[in-house]
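Inspection log for the structure reproduced underneath, given as structure tokens.
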Amino acid sequence: MTYSTTLDLLKTKKEVLVKVNQGLLGVVTGAELLGITRQGFWKLRKRFNSEGYQALLGRKRGPKSWYRVHNRTPKWAEDKVCELWIDNHVGPDRLLWIIEDYHQEILTHVSRSTIYRILVRRRLHKPETQEKEKHTKRYTKTYPGEEIQIDTTEPFGKGRGIQISAIDDYSRWGFADFYQRNTSLNTALFLSRCIQFAPFPIQAVRTDHGSEFYGRFKTVCSRLGIEIIRNRVNTPEHNGKVERFHRTIDEECLWRTRAESEYPEEVRFQLTRYLAWYNRVSDENGH
Numbered sequence: 001m002t003y004s005t006t007l008d009l010l011k012t013k014k015e016v017l018v019k020v021n022q023g024l025l026g027v028v029t030g031a032e033l034l035g036i037t038r039q040g041f042w043k044l045r046k047r048f049n050s051e052g053y054q055a056l057l058g059r060k061r062g063p064k065s066w067y068r069v070h071n072r073t074p075k076w077a078e079d080k081v082c083e084l085w086i087d088n089h090v091g092p093d094r095l096l097w098i099i100e101d102y103h104q105e106i107l108t109h110v111s112r113s114t115i116y117r118i119l120v121r122r123r124l125h126k127p128e129t130q131e132k133e134k135h136t137k138r139y140t141k142t143y144p145g146e147e148i149q150i151d152t153t154e155p156f157g158k159g160r161g162i163q164i165s166a167i168d169d170y171s172r173w174g175f176a177d178f179y180q181r182n183t184s185l186n187t188a189l190f191l192s193r194c195i196q197f198a199p200f201p202i203q204a205v206r207t208d209h210g211s212e213f214y215g216r217f218k219t220v221c222s223r224l225g226i227e228i229i230r231n232r233v234n235t236p237e238h239n240g241k242v243e244r245f246h247r248t249i250d251e252e253c254l255w256r257t258r259a260e261s262e263y264p265e266e267v268r269f270q271l272t273r274y275l276a277w278y279n280r281v282s283d284e285n286g287h
């Protein structure tokens, strides 16, 4: 059963049981909707009223231990984590952010590993397996500004604005901005701002073969004496650092601040605020 199917089933069970408890549905109707007998529905309803969300998941097969492990997370806390997962359907990392931002007073000292173990134990998250990475030749430049990787992405979906990101191959200094359209004019403007804010001179930029990196962008690079290095076709790993930077911004900034493309100035404000923190932390860590 896929995670989306599991989520739909849990939500259906919850809605049916809540409506029966509220008197909006009868027991017979509720049992038919869930495909179980009336006796089975009564048992499920009794367990739901006494145990909460754990009743919706069913009991684990095999022998049951009589005593709960002394250092295990309290049951009410596990139930709350499961409830948040059902409402948001996100992984351990983002669920931790939600708890830190909105439920810190209730769920104190809950770590990412604790959330992960709860979700796996309740069969809401697939156990993580370490996959063997495909070997690729890695390289790093020798000084800041020797090469800047630049790329575009659509963080809010197709046709809902463009984020242009740049990251220095050596120092990991990063810069990003948000625009309404993906044009060579906007990438040229972005490069000009990047040069303005970068704490070092930029010698070369690495890009893919997108049309936005020709035209005015190429003209600006030529005028400023900046070399353009094009990735070979079908080799996205050559821009791997900026691709990862896209994901970092999405996870740690745009998603967490709930930024929306309808408010581009707010998106730019959140990007500026995040990048000030990101570059300070990177500098302190010696990157």
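Counted the way full-length UniProt numbering counts, the sequence shown spans residues 1 to 287. Glycine included, C-beta positions come from ideal geometry on N, C-alpha and C. Since the model is a prediction, treat every value here as computed from it, not as a measurement.
Original post:
Cα separation between PHE213 and ILE202?
Top reply: 16 Å
Subject >> Whole-angstrom distance between THR73 and GLY30, CA atom to CA atom >> reply: Counting only the Cα atoms, THR73 lies some 33 Å from GLY30.
**OP:** Kindly identify the DSSP beta-bridge partner or partners of VAL205.
**Re:** In the DSSP assignment, VAL205 forms a beta bridge with ILE148 and ILE228.
Subject >> Span separating the alpha-carbon of GLY40 from that of VAL18 >> reply: Rounded to whole angstroms, GLY40 and VAL18 show a C-alpha spacing of 16 Å.
Original post:
Taking the alpha carbon of PRO144 as the point to measure from, which residue in PHE200, TRP85 and GLU262 has its own alpha carbon closest?
Top reply: Of the candidates PHE200, TRP85 and GLU262, the residue whose Cα lies closest to the Cα of PRO144 is PHE200.
**OP:** Report yes if the C-beta distance between HIS109 and LYS80 is below 9 Å; otherwise report no.
**Re:** no
Original post:
Just the Cα atoms here: how many angstroms apart are TYR274 and ARG172?
Top reply: 15 Å
**OP:** Hey, could you find the ends of the alpha helix (DSSP H) GLY30 is sitting in?
**Re:** 27-34
**OP:** Identify every residue that forms a DSSP beta bridge with ILE164.
**Re:** According to DSSP, ILE164 bridges with THR152 and ASP177.
**OP:** Check ALA198 in the structure and name its three-state DSSP category.
**Re:** coil
Subject >> the segment 204-220 in contact with the segment 142-159 per 3-pair CB rule at 8 Å >> reply: yes
Original post:
CA-CA distance, LYS14 and VAL281?
Top reply: 44 Å
Original post:
Does any C-beta atom of chain D lie closer than 9 Å to the C-beta of ARG258?
Top reply: Protein chains in the displayed structure number just one, and chain D is not present.
Subject >> Whole-angstrom distance between SER184 and residue 288, CA atom to CA atom >> reply: A question about residue 288 goes unanswered here, because the residues of the chain that appear run from 1 up to 287.
**OP:** Would you identify the three-state DSSP class for VAL90, choosing helix, strand or coil?
**Re:** Residue state, collapsed to three classes: coil.
Original post:
Applying the criterion that 16 or more other CB atoms from any shown protein chain within 10 Å of the CB defines a buried residue, is TRP66 buried or exposed?
Top reply: Only weak support exists for where TRP66 lies, its pLDDT of 49 falling under 50; the value from the coordinates is given anyway. TRP66 is classed as exposed because its beta carbon has fewer than 16 other beta carbons within 10 Å across all chains shown.
Subject >> ASP8 (DSSP reduced to helix, strand or coil) >> reply: helix
Original post:
Whole alpha helix (DSSP H) runs in the segment 232-263 with 4 or more residues, listed along the chain?
Top reply: 240-249
Original post:
Does the separation of the CB atoms of GLY157 and PRO264 fall below 9 Å?
Top reply: no
Original post:
Nearest-angstrom Cα distance between GLY55 and ASN21?
Top reply: Per the sequence shown, residue 55 should be read as Ala rather than Gly. Between the C-alpha atoms of ALA55 and ASN21 there is a straight-line separation of about 15 Å.
Subject >> Rounded distance between the beta-carbons of ILE99 and LEU84, thought under 8 Å >> reply: 7 Å
Original post:
Are the beta-carbon atoms of THR187 and THR152 separated by less than 9 Å?
Top reply: yes
Original post:
Anyone know if the C-beta pair for GLY159 and SER165 falls short of 9 Å?
Top reply: no
Subject >> N- and C-terminal bounds of the alpha helix (DSSP H) containing GLU51 >> reply: 38-51
Original post:
Whose C-alpha, out of ARG45, LEU9, LEU10 and LYS11, is nearest the C-alpha of GLY26?
Top reply: ARG45
Original post:
When the Cα atoms are used, what is the spatial distance from VAL233 to GLY210?
Top reply: 11 Å
Original post:
Hey, how far is the Cα of ILE118 from the Cα of CYS82?
Top reply: 8 Å
**OP:** Could you check if ASP169 is buried or exposed, using at least 16 other CB atoms within 10 Å of its CB as the buried criterion?
**Re:** That one is buried.
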